[in-house]
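Chemist: The C-terminal position of the sequence shown is numbered 241 in UniProt numbering, with every residue numbered one higher than the one before it.
Below is the structure I would like to discuss, written out as structure tokens.
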Amino acid sequence: MPTELANLCRQLRLAHVMDYVSLQQNEEIRSIVEQILSAELDGRRRAKLGKLVQQAGFPHIKTFEGYAYDHITFPNGSSPEKIQGLEWLERKENLLLMGAVGTGKTHMATALGVEACRRGNAVQFYRASDLVAMLQEKFTTGTLNRFRDKLRKVDLLILDEVGYVPFNQTGSELLFNVIADCYEQKSVIVTSNLEFGQWTSIFGDTKLTSALVDRLVHHAHILSFTGESFRFKQAMERIPM
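This is the structure in structure tokens:
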């Protein structure tokens, strides 16, 4: 049995098709079946990707096409290639994207999430304030455990804009529990415009903030984004001189 056709049948779980083609001893039949199965596999992959991207809840679809890295400081042992290669996701490590507003943190987080979907991983994207509001609603309606069970099934959780809106005590505790569930079980990407020392102003409780940061930074790659806001720069370029 030709290797390519055998691989296609294995991926599509079509053992009987393999048996049939093997008995025919006909190169033309083998070629036609191989083309049909290749088309079926490609179609399934596209459908799965579309479903994963839709379920992820990205506000916009972003890729790394044209993305610049000259304003990003990577930790030792890391690089743009390794980050895009998702080696950290395979090891259940975190990415913390820290820096000023408009410097491309959300773009990178989204592009990495889309790439993770492309590779068959379940991803969930939330603005941090939206997730906290959702957690509080689920807590009030008694459906929190079901929602947390859903989050436990994803491979990558993206928390965008941590630091823009302060949380009350209940919200902070609920978000801490979600991050604690993720610890060493799945990867988390966090984008924030605040240094860790300022996170107490968002979460309120010093001990809770310390415990939350401790879980995030353990097994994490911390990228520092500098420079002026891309959005501000693009807006200024549109102003006629």
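Glycine residues also receive a C-beta, built at the ideal position from the N, C-alpha and C atoms.
All figures in this text were calculated on a predicted structure; none of them were measured in a lab.
Buried or exposed: Lys153, going by 16 or more other Cβ atoms within 10 Å of its Cβ?
Modeler: Exposed: under 16 other Cβ atoms inside 10 Å.
Chemist: Just to confirm before moving on: does the CB-CB distance between Leu212 and Val190 stay below 8 angstroms?
Modeler: Not closer than 8 angstroms, so no.
Chemist: Would you call the segment 76-86 in contact with the segment 160-178, where contact means no fewer than 3 C-beta pairs closer than 8 angstroms?
Modeler: No contact exists between the segment 76-86 and the segment 160-178.
Chemist: Need the endpoints of the beta strand (DSSP E) that Phe125 sits in, please.
Modeler: It spans 123-127 - the beta strand (DSSP E) in which Phe125 sits, taken as one unbroken run.
Chemist: Excluding the 5 residues preceding and the 5 following Ser192 in the sequence, name in chain order all residues of the same chain whose CB lies nearer than 7 angstroms to its CB.
Modeler: Within the same chain, Ser192 has close Cβ partners Met98, Val162, Gly163.
Chemist: Kindly indicate the opening and closing residues of the alpha helix (DSSP H) around Gly43.
Modeler: Taken as a continuous stretch (DSSP letters only), the alpha helix (DSSP H) holding Gly43 covers 27-56.
Chemist: For the alpha helix (DSSP H) holding Asp70, just list the boundary residues, first then last.
Modeler: From DSSP, Asp70 is part of no alpha helix (DSSP H); its letter is neither H nor E.
Chemist: Confirm, please, whether the CB-CB distance from Leu52 to Leu12 is below 8 angstroms.
Modeler: It is not a contact, given that the beta carbons lie outside the stated cut-off.
Chemist: Suppose the cutoff is 6 angstroms on Cβ atoms and the five residues either side in sequence are ignored; what does the same chain contact list for Ala128 look like?
Modeler: Contacts found: Leu159, Glu161, Val162.
Chemist: Helix or strand or just coil, what does DSSP make of Ser187?
Modeler: Ser187 falls in the strand class under three-state DSSP.
Chemist: Applying the 10 Å Cβ sphere with the 16-neighbour rule, what's the burial state of Leu23?
Modeler: When all chains shown are included, Leu23 counts as exposed.
Chemist: Taking its Cβ as the centre, do 16 or more other Cβ atoms sit within 10 Å of Ile72, making it buried, or is it exposed?
Modeler: That one is buried.
Chemist: Applying the 10 Å Cβ sphere with the 16-neighbour rule, what's the burial state of Ala56?
Modeler: The residue is buried, with at least 16 neighbouring Cβ atoms inside 10 Å.
Chemist: Taking 8 angstroms as the threshold (C-beta atoms), are Phe58 and Gly113 in contact?
Modeler: Yes; because the gap between Cβ atoms is below 8 angstroms, this pair is in contact.
Chemist: Rounded to the nearest angstrom, what separates Met1 and Met18 at their Cα positions?
Modeler: In this predicted model, Met1 has a pLDDT of only 44, less than 50, meaning its place in the structure is not dependable; the value taken from the coordinates is given anyway. Near 8 angstroms, if we compare the C-alpha coordinates of Met18 and Met1.
Chemist: Of the residues His218, Gly50, Asp155, Lys62, which one's Cα is nearest the Cα of Asn121?
Modeler: Nearest of His218, Gly50, Asp155, Lys62 to Asn121, Cα basis: Asp155.
Chemist: Out of Asp214, Lys138, Ile36, which one is the CA nearest neighbour of Gly171?
Modeler: Minimum Cα distance to Gly171 is reached at Lys138.
Chemist: Do Leu216 and Val188 have their C-beta atoms closer together than 8 angstroms?
Modeler: Going by C-beta atoms, Leu216 is nearer than 8 angstroms to Val188.
Chemist: Note down the Cα distance separating Val178 from Ala39, rounded to an integer number of angstroms.
Modeler: If I take the Cα positions, the gap works out to 40 angstroms.
Chemist: To which residues does DSSP link Met18 through a beta bridge?
Modeler: BP columns for Met18 are empty, so no partner.
Chemist: Using a Cβ-Cβ distance under 8 angstroms, would Gly120 count as near chain B?
Modeler: Reference to chain B is not applicable here, since this structure consists of a single protein chain.
Chemist: If you draw a straight line from the alpha carbon of Arg118 to that of Thr110, how long is it in whole angstroms?
Modeler: Those two C-alpha atoms are separated by around 12 angstroms.
Chemist: Identify, in the order they occur along the chain, each residue of the same chain with its Cβ nearer than 8 angstroms to the Cβ of Asp181, setting aside the five sequence neighbours on each side.
Modeler: So the qualifying residues of the chain are Arg148, Leu151, Arg152.
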